[in-house]
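Numbering (our numbering), first residue to last: 333 to 652.
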Ligand code: G3H
Ligand code: 13P
Ligand code: ZN
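Encoded structure:
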């Protein structure tokens with residue numbers, strides 16, 4: 333059942349974080365639905381601009397509609413990840429997405445406010461909620477390249493002002509994480525000191541943690557043992573999610589970890605079965621392994637086992 337992002341946030345706020353997982357194809361979608369049902373967790377399925385143009389945005393919508401029919405017991409929201417203004421407006425008009433992210437974080441503060449406010453007004457008129465971003469993550473985003481050295485953490489004072497000025501419904505915060513497989517060097521980690529201050533300034537307001545893959549070392553080692561070349565890859569400690577949720581982190585974005593599972597499965601498969609040319613063989617293994625990964629992640633995020641609780645909450649609040 334596709335539900336509003338807003339209701340999922342209301343239920344989760346302060347208690348647990350909802351996993352927001354990117355999909356690009358059928359196998360990822362199937363693994364995602366299975367993993368969330370296995371762990372009985374609500375989830376956010378997110379689609380990036382790159383995913384929309386990988387083939388055609390209508391394929392992903394069709395896959396999601398089919399999954400909703402096949403697994404009617406699943407509870408999920410559909411979100412645009414890292415949208416620009418044009419893509420946000422397209423998603424809002426399509427009537428398919430339950431929330432959009434406008435990422436104008438590379439713009440100066442005033443321009444970010446201006447763009448975000450326009451998107452929020454258009455989205456709210458259609459009952460869609462809006463995630464915005466303030467501060468800059470390190471690493472590479474879809475249309476925003478920011479070097480680690482220039483990474484700019486979210487200013488807690490500005491965050492309060494930004495939310496008031498824009499009317500956005502949730503805020504992606506830069507608290508030391510970055511996109512991709514190479515997040516930290518040395519002893520770096522999530523900046524809980526900054527998160528605490530943002531939360532103090534925005535009590536009750538949902539915060540979003542991007543760049544939250546944990547880059548499991550076992551995956552990295554298996555990929556490398558099967559011919560990969562990932563050196564020094566490191567991610568977020570997955571025990572950090574339980575600390576972050578009471579500080580307002582309600583949505584946690586995970587994409588890279590899924591790519592690692594895909595890479596490990598396919599590299600090992602073709603190493604061990606060099607004669608194989610049937611794409612369904614590694615595809616089947618990937619769907620199973622991805623489902624297991626998602627179920628594990630939901631345990632760490634605190635959403636596992638909450639499906640019926642969430643269903644009850646939605647039944648009670650949906651029409652009101
Ligand atoms: O933050 C970016 C997400 O991992 C999506 O990546 O833009 O390559 O689809 P993508
Ligand atoms: P990772 O690269 O850590 O998976 O982050 C994904 C993300 O933030 C998507 O918006
Ligand atoms: Zn992101």
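Glycine included, every Cβ here is placed at the ideal spot set by N, Cα and C.
| Check | Outcome |
| --- | --- |
| Length of the line joining the Cα atoms of residue 347 and residue 575 | 10 angstroms |
| DSSP three-state assignment for residue 585, whether helix, strand or coil | strand |
| Local Cβ density within 10 Å of residue 418, reported as buried at 16 or more and exposed below that | exposed |
| Inter-residue CB distance, residue 367 and residue 577 (contact presumed, cutoff 8 angstroms) | The Cβ separation is near 20 angstroms, so there is no contact. |
| Same chain, Cβ closer than 8 angstroms to residue 555, five either side skipped, listed in chain order | 562, 592, 595, 596 and 599 |
| Contact check, residue 530 vs residue 498, beta carbons under 8 angstroms | no |
| Residue interval of the alpha helix (DSSP H) (run including residue 630) | 612 to 633 |
| 7 angstroms CB neighbourhood of residue 528 in its chain, flanking five on each side removed | 579 |
| Reduced DSSP category for residue 547 - H, G, I as helix; E, B as strand; rest coil | coil |
| Limits of the alpha helix (DSSP H) - the one that residue 645 falls within | 639 to 649 |
| Host beta strand (DSSP E) of residue 280 (start-end) | Because residue 280 is not part of the residues shown, which for the chain are 333 to 652, the question remains open. |
| For residue 506, the first and last residue of its enclosing alpha helix (DSSP H) | Looking at the DSSP string, residue 506 is not in any alpha helix (DSSP H), and its letter there is neither H nor E. |
| Residue 357 beta carbon near the ligand ZN (any heavy atom closer than 7 angstroms) | no |
| Secondary structure of residue 567, DSSP reduced to three states | coil |
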